[in-house]
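In what follows, a structure is listed as structure tokens, so that the remarks can point back to it.
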Amino acid sequence: ERRPLRGSIYSAQPIVVDQPLWRVDLLEAVGSRPGSLDRAHHHPAFDGWEPGERHFVAELSAAPLEWLAERLADLDAVLAQAGVAPDTAGPGDADALRNAIPEIVDVVRRLLGRVAAGELGRPDDDRELVSARIGWL
């Protein structure tokens, strides 16, 4: 959703993405080897900002990139499973999403590679852990 400009005609354009529809959590248990994705799941629907039930799908842990690409390729199915109206997406959104799949999958591939290498997802040695949720989301 585009919001009104907050400054001159040259000011930044506020754009809001306001409601989650679906979330994929590429997680693993603390004691698992990095990159195992043994706790990977997705939330096909949300109630406002609260995620619905976790759905554990074997293919998501076994082949996360392929699974993600398949899901992103079918926006209509994602919307249907989320229980939202098909017109929630704009007329060109499905095509735009399909065109972005290679880039999205490449970024996820690189990040998962860094997790498996032990570069990401590791606690700081000198920081007291007060919450398991330390990411940016």
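Going by our numbering, the sequence shown opens with residue 18, and the numbers climb by one from there. From the three backbone atoms N, C-alpha and C, an ideal C-beta is built for every residue, glycine too.
If you draw a straight line from the alpha carbon of L154 to that of S25, how long is it in whole angstroms?
-> Unreliable placement is indicated for L154, whose pLDDT of 45 sits below 50; the coordinate value is still reported in the next sentence. Taking the straight line joining both Cα atoms gives about 31 Å.
Buried/exposed call for A79, threshold 16 Cβ in 10 Å = exposed
Closer than 8 Å by C-beta to R40: which residues in its own chain qualify, once you throw out the five before and the five after it? Chain order, please.
-> H59, H60, F63 and P68
Going by Cα to Cα distance, which pick from G107, Q36, V33 and R56 is closest to L156?
-> There is no way to answer for residue 156, as the model of the chain reaches only from 18 to 154.
Return the Cβ separation of R20 and V34 in integer angstroms, given the expectation that the two are a contact with Cβ distance under 8 Å.
-> Going by Cβ atoms, the distance from R20 to V34 rounds to 12 Å, so no, they are not a contact pair.
Can you name the start and end residues of the beta strand (DSSP E) that V41 belongs to?
-> First-last of the beta strand (DSSP E) with V41: R40 to D42.
Between the stretch 91–102 and the stretch 110–122, do three or more beta carbon pairs fall short of 8 Å?
-> yes
With a CB to CB cut of under 8 Å and the five nearest residues on each side skipped, what residues in its chain are close to L38?
-> A62, F63, V95, L96, A99, V101 and T105
Under 8 Å between the Cβ atoms of V132 and L85?
-> Between V132 and L85, the C-beta gap is not smaller than 8 Å, which leaves the two residues out of contact.
Residue nearest to P81 in terms of C-alpha spacing, selected from L137, R127 and D143 | R127
Is the CB-CB distance between L129 and G65 below 8 Å?
-> It is not a contact, given that the beta carbons lie outside the stated cut-off.
Simplified DSSP assignment, three categories, for P81 | In the structure shown, P81 sits in a helix (DSSP, three-state: H, G or I).
For L77, is the classification buried or exposed, using 16 other Cβ atoms within 10 angstroms of its Cβ as the cut-off for buried?
-> buried
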